[in-house]
Amino acid sequence: MLNVSLPGLELKNPIIPASGCFGFGKEFAQLYDLSKLGAIMIKATTAEVRFGNPTPRVAETPGGMLNAIGLQNPGLEKVLSEELPRLEQYDVPVIANVAGSAIEDYIEVAEKISSAQNVHALELNISCPNVKTGGIAFGTSAETAGKLTSAVKKVSSVPIYVKLSPNVTNIADIARAVEAAGADGITMINTLLGMRLDLKTGIPVLANKTGGLSGPAVKPVAVRMVYEVSQAVDIPVIGMGGIQSAEDVLEFMYAGASAVAVGTANFVNPYICPEIIEELPHTLKKYGISHITECVGRSWKHEQKPAYSRP
Amino acid sequence: MLNVSLPGLELKNPIIPASGCFGFGKEFAQLYDLSKLGAIMIKATTAEVRFGNPTPRVAETPGGMLNAIGLQNPGLEKVLSEELPRLEQYDVPVIANVAGSAIEDYIEVAEKISSAQNVHALELNISCPNVKTGGIAFGTSAETAGKLTSAVKKVSSVPIYVKLSPNVTNIADIARAVEAAGADGITMINTLLGMRLDLKTGIPVLANKTGGLSGPAVKPVAVRMVYEVSQAVDIPVIGMGGIQSAEDVLEFMYAGASAVAVGTANFVNPYICPEIIEELPHTLKKYGISHITECVGRSWKHEQKPAYSRP
Amino acid sequence: MKKELMEVQRQEQLAESIFRLELSGTLVRQMQKPGQFVHVKTGGAYAPLLRRPISIAEIDNEKDTFTMIYRAEGEGTLQLSGLRKGDQVDVLGPLGNGFDPDAEIPGTTALLAGGGIGVPPLYELSKRLKNHGVNVIHVLGFQNERNVFYHNEFAALGETYVATVDGSYGEKGFVTDVIKNNNLVFNSVFAVGPNVMLKAMENSFPDNRMFLSLEERMGCGIGACFACVCKTAEGSYKKICVDGPVFQAGEVLIPC
Amino acid sequence: MKKELMEVQRQEQLAESIFRLELSGTLVRQMQKPGQFVHVKTGGAYAPLLRRPISIAEIDNEKDTFTMIYRAEGEGTLQLSGLRKGDQVDVLGPLGNGFDPDAEIPGTTALLAGGGIGVPPLYELSKRLKNHGVNVIHVLGFQNERNVFYHNEFAALGETYVATVDGSYGEKGFVTDVIKNNNLVFNSVFAVGPNVMLKAMENSFPDNRMFLSLEERMGCGIGACFACVCKTAEGSYKKICVDGPVFQAGEVLIPC
Ligand SMILES: Cc1cc2nc3c(=O)[nH]c(=O)nc-3n(C[C@H](O)[C@H](O)[C@H](O)COP(=O)(O)OP(=O)(O)OC[C@H]3O[C@@H](n4cnc5c(N)ncnc54)[C@H](O)[C@@H]3O)c2cc1C
Ligand SMILES: Cc1cc2nc3c(=O)[nH]c(=O)nc-3n(C[C@H](O)[C@H](O)[C@H](O)COP(=O)(O)OP(=O)(O)OC[C@H]3O[C@@H](n4cnc5c(N)ncnc54)[C@H](O)[C@@H]3O)c2cc1C
Ligand SMILES: Cc1cc2nc3c(=O)[nH]c(=O)nc-3n(C[C@H](O)[C@H](O)[C@H](O)COP(=O)(O)O)c2cc1C
Ligand SMILES: Cc1cc2nc3c(=O)[nH]c(=O)nc-3n(C[C@H](O)[C@H](O)[C@H](O)COP(=O)(O)O)c2cc1C
Ligand code: FES
Ligand code: FES
């Protein structure tokens, strides 16, 4: 009752750890069998090795957290030679999160990483708010987002999902642009740009000054955006932003997501993904749903079929 | 140590109840003396009487709340004949929040309400996310925002503050546009567009479907935007979004706000404004600040004067 | 109206998810009418953020205590159910207009109809009506036998019928069914419960003097935010938190 | 590493804002080394959201209990200080590498330098070093006399100096001042405290065998999020949560 089919991905269940919140799976593999997961979104990979931003890189906020990791990663070569092969022992598809400073970087990483045996899809990160070049700059203009998408689509051996930034006036426009440019799916949302100041010094708590807000605090914004985008495009949406429970999963799927990713909650409870997967069948039963795919878009399908009436 | 001077406004202290969270002051006047407040931002006033959206109009979210009141108000005439005169008994300037569906509506309301004796400034609401026409539509394009601002500026007898929406890709652009169009100040942020779905029915909890997110959850986004905008313009910023304590006030002022507004927290604790006002001198003392105005922009002034060094 | 840190005197579970909480403080001295409510803040600074409206179920002016009966279901009420004797809880109240038992004519009969967690405020109302010389008949509706509470307490004050949706306790059906099946005769009606029940009461007994207590999601609870409005028949509106929660039948349009 | 709902056995206040909390559970069986830490979740589902890293101050393998000593200052630690005997608390651990007392040569002398809430992990370390036949000298630094804790406990294990910034207790100054002023002689150094103190130790005693325990803001605490990295001298990086928090002096660049 939990399996979901998406371009390039046959998921046992719709639960995917979100990129950057699960490293390359190594640490969590010590805690549970990664084969239980629907898929794994690995940490953003760039062509070169990146150290990222200075610390402090995280700060807590009411119901959420800010991060400014700055895409630290071991670089394409090492991801291909060490991280991905290590994940081959698990029966789980990998979605590779691809980042860069220029279109050429994305193309290089996408082309090479998409040919790795266990990479079943790419997630184009055009929404990282914590790097000076690239990242969010590609995700706030529909035109640039479209261009990058079609360039990457040409070289990728697997379907591509584009990860959208919530820091935009009209997210549906960006979604339509990447769909038109050949995206096979959309993942959303990346973090909201935020900031905290130290009361004693007056200066930002994060060394990078601003950071990306994630966690339960952003859930209402994420749900609203998934609701808008899933109605604006015909490609599937993988929803995320503050998911902590099986109920939250339902809310995102009602909004229009076909699967979901769990980010920050992995820090709060490292067992959260398998726990949600175990809980989901009971939650579906509680709400009278026989298969998870019935949930998808229920919030707006409802309007199209006035047969169901508001109780 | 708390007084602040802003265009049109001599504030005893920088604490202002935010528009829509304080009605027209009548209910809170039963709880404490409104003359204690820095100023009062009254509920949005439109030319005609408005009932607003169907209920439910509010929903709770992690660390925040959604509202879709829809600008319910008794209409310009009644505000002029009943609400504003009742506020005259208090020694407190009123900032009148002005809304409408078309430029003409704003002009009409602004012209008339700005001539009321106790209205010392207008707050142009170009950011309400809960109405079908007007509201946020004026606040998401720099061009439209500028046009509306200059039209209203022409007719207003008092300084005008423009209330910005956070639901935009580049809030500094909008800020610069309204400054160029003659705005005397900026108030920010209005609510972030969000949504919650009912788990049993799958449909939105709010009858209006989407609503505006406010409360502590949005504070990091608000602080970041105040930080950006206060550096982009030369007119003062009144900051708001999740303020619940004297410490939060400091954080907004460090970010660049010259005064602040308190919204949602009035629902959690109706005495919050006088409590913060009473607490502020102790908080300033704790952090070694002798006058509240020293806080303004400390986060970025810091960078300009490398004399202070990071401890 | 006042905000006070009140002290928990007693917390007990009455039925599945149903708790009874007794609080003490000087705020009780301002409680005038049955049907008023309090706005309760649980948890820390922002979790959960908003206050929860809960009816006053019983007032003890001698001990400066009052009782509320609530269903622990969501975040706020679950936290409330974790409070123990001696703990403090932040209460704003009393709020709203309430019922006016003294406006009834002694010797007449009042029907008190409650659905689920609408039942609690009827208890103080019933005691006051009885004191005032009004005969009381209670019809209490619950989902099933596991949710039933206060049957004996109401029975001690007057004729009491209990209905459950599944028939597992008392009579099967809704309160309106029970009233009709038992051919109950009464002069006035006081009803608290979900809007569908209130609407059914209005439709079933259009000729009776009738007072209804409405529920709505609230922001401030004091009339400032316009969250809790409902329309009146003449196209105007009322705020449930200050103009209500009690309205005479027909005064407002019940949304459902 | 394991996640367990551990039970509070004891909570007591040691000094101004300083608390000692004893927890029991089978997770204790995995605790191997002093200097390891646990990641503690307080509060409800999302307030506060993140876990708090707290060092293991004492391990009692016979009773399956361990102790932590912490300063209640922010939201999470204040909640922690509200826990009472019998309450449960969500603990993830043990995390990090820890110190290795067995690597020291019996008969040598170890200097244990702690600043503020860096003092607690030195207690278990000191006991183990002593057990292993190593002489221990403690230099503990605090802000002022109101913050001082565990002076007697450390004194029972070996020579102990206390420094306060304002001189209100023990000697006036920083730990490095006290070490120099007393001409302390030692073979190895174990230091825990704020980065400025660690840096000062590194600079003041460049020739000693020295182990430092670093603090950094953490996300996951298990090596997955890259929140807690610090640079190494060769331009690479280490994660404080898994590669540390204990590093040999010079192994990483102390950010400050
Ligand atoms: C005037 C009035 C009197 C009430 N009296 C009682 C009573 O005596 N006993 C009792 O058990 N309940 C009573 N209720 C309902 C009670 O307010 C809700 O059950 C409670 O707010 C739910 O909170 P939660 O934390 O369990 O749910 P959550 O789902 O966490 O609540 C989320 C948000 O929705 C609001 N909400 C949820 N359900 C309701 C509801 N039915 N009515 C209004 N707001 C709601 C909450 O206040 C909160 O803001 C009354 C409601 C009103 C308006
Ligand atoms: C490995 C390690 C061991 C530690 N051992 C102890 C100990 O034994 N006793 C003790 O009192 N403290 C210890 N600390 C510091 C402790 O983690 C912080 O004091 C605590 O997290 C502050 O939480 P709060 O709720 O009081 O503050 P808040 O201000 O609410 O914290 C907000 C956020 O900042 C983080 N944070 C704040 N201060 C620190 C800090 N100094 N280090 C890391 N994160 C911080 C919090 O974890 C949280 O994510 C240790 C820190 C680390 C990294
Ligand atoms: C510490 C941290 C690191 C992240 N790194 C990445 C990243 O490398 N690539 C990416 O696309 N998103 C990254 N994200 C964003 C998450 O994948 C996710 O989109 C966001 O956090 C919202 O989900 P959540 O609220 O469940 O965390 C990161 C988030 C966090 C908290
Ligand atoms: C119930 C409610 C009604 C509001 N109505 C208005 C309004 O009429 N005009 C307006 O400009 N802002 C309105 N706002 C927005 C607030 O003034 C404020 O900008 C926002 O809530 C952020 O501040 P806060 O987090 O302190 O609430 C409303 C907010 C709430 C919660
Ligand atoms: S709840 Fe705010 S007006 Fe009624
Ligand atoms: S805290 Fe996540 S890697 Fe160390």
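Protein chains in written order, with the UniProt record's numbering: chain A, 1 to 311; chain B, 1 to 311; chain C, 1 to 256; chain D, 1 to 256.
Idealized CB from N, CA, C, for every residue including glycine.
Note that the structure is a prediction, hence the values are computed from the model and not measured.
Relative to arginine 209(C), the option among Ser188(C), Lys180(C), Tyr161(C) whose CA is nearest is Ser188(C). At a cut-off of 3 residues, the continuous stretches assigned as beta strand (DSSP E) that sit fully inside the segment 8-95 of chain B are 9-11, 15-17, 40-45, 58-61, 64-67.
Counting along the chain, aspartate 90(D) sits inside the beta strand (DSSP E) bounded by residues 88-95.
The Cβ-Cβ distance between glutamate 215(C) and proline 245(C) falls below 9 Å. Beta bridge pairing from DSSP links methionine 197(C) with no other residue.
Closer than 8 Å to some heavy atom of ligand 2: that does not describe the Cβ of serine 214(A).
For valine 58(B), the distance from the CB to the nearest heavy atom of ligand 4 is below 8 Å.
Annotation for phenylalanine 267(B): the continuous alpha helix (DSSP H) segment containing it runs 265-268. Across the structure, glutamine 36(D) and proline 94(D) are spaced so that their CA atoms are roughly 6 Å apart. At a cut-off of 9 Å between beta carbons, glutamine 79(C) contacts chain D. The Cβ-Cβ distance between serine 126(C) and glutamate 73(C) does not fall below 9 Å. For the C-beta of isoleucine 117(D), not a single chain A residue is nearer than 7 Å; the gap to the nearest is close to 17 Å. Excluding five sequence positions before and after proline 255(C), the CB atoms of its chain that fall closer than 7 Å to its own CB belong to Asn195, Cys230, given in chain order. Taken atom to atom, the span from the alpha-carbon of isoleucine 179(C) to that of proline 106(C) is near 22 Å. For the segment 33-46 of chain C, residues whose beta-carbon sits nearer than 8 Å to a beta-carbon of chain D comprise Gly43, Gly44, Ala45, Tyr46. The Cβ of glutamate 75(C) sits closer than 9 Å to at least one Cβ of chain D. The way I'd put it, the segment 226-233 of chain B doesn't touch the segment 151-162 of chain B; fewer than three beta-carbon pairs between them come closer than 8 Å. At a cut-off of 9 Å, the C-beta of leucine 31(A) has a neighbouring C-beta in chain D. Residue environment analysis places asparagine 53(A) among the buried positions, since at least 16 neighbouring C-beta atoms fall within 10 angstroms of its C-beta. The C-beta of glutamate 60(A) comes closer than 9 Å to at least one C-beta of chain D. Sequence-distant partners of leucine 253(C) (beyond 5 residues in either direction) whose C-beta falls short of 8 Å from its own C-beta, in its chain, are Cys230, Lys231, Thr232, Ala233.
Here the segment 190-197 of chain B makes contact with the segment 215-223 of chain A; the two share three or more CB pairs at distances below 8 Å. Distances from the CB of alanine 227(D) to the heavy atoms of ligand 6 include at least one below 8 Å. Chain-order list of chain A residues neighbouring lysine 3(D): Leu31, Asn269, Pro270, Tyr271, by C-beta distance under 9 Å. Distance check between aspartate 207(C) and each of Gly193(C), Gly219(C), Phe186(C) places Phe186(C) closest, using alpha-carbon atoms only. When C-alpha distances from proline 74(B) are compared across Ala99(B), Asn208(B), Thr61(B), the shortest belongs to Ala99(B). Across the segment 213-245 of chain D, CB contacts with chain A closer than 8 Å involve Glu216, Arg217, Met218, Gly219, Cys220, Gly221, Ile222, Gly223, Ala224, Cys225, Phe226, Ala227, Cys228, Val229, Cys230, Lys231, Tyr237, Val242, in sequence order along the chain. A contact between stretches requires three or more CB pairs, one per stretch, nearer than 8 Å, and the segment 37-50 of chain A meets this requirement with the segment 87-95 of chain A. Near ligand 1, residues with a Cβ at less than 5 Å from any of the ligand's heavy atoms are Glu60(B), Phe37(C), Leu50(C), Arg52(C), Pro53(C), Ile54(C), Ser55(C), Tyr70(C), Arg71(C), Glu73(C), Gly74(C), Glu75(C), Gly76(C), Thr77(C), Ile117(C), Pro120(C), Glu215(C), Arg217(C), Pro245(C); the list follows chain order. Straight through space, the alpha carbons of tyrosine 169(C) and arginine 146(C) are spaced by roughly 9 Å. Contact annotation: the segment 137-144 of chain A touches the segment 169-180 of chain A, with at least three C-beta pairs closer than 8 Å. Any Cβ of chain B closer than 9 Å to the Cβ of valine 260(A) would place that residue at the interface, and such an atom is absent.
For chain C, the residues of the segment 212-228 of chain B that bring a beta carbon within less than 7 Å of one of its beta carbons are Gly215, Pro216, in chain order. Listed along the chain, the chain D residues whose CB falls inside 9 Å of the CB of cysteine 21(A) are Gly219, Cys220, Ala224, Cys225. Between the beta-carbon of histidine 138(D) and that of glycine 158(D) there is about 6 Å, and that keeps the pair under the 8 Å contact cut. In the structure shown, proline 236(B) falls within a coil segment according to DSSP collapsed to helix, strand and coil.
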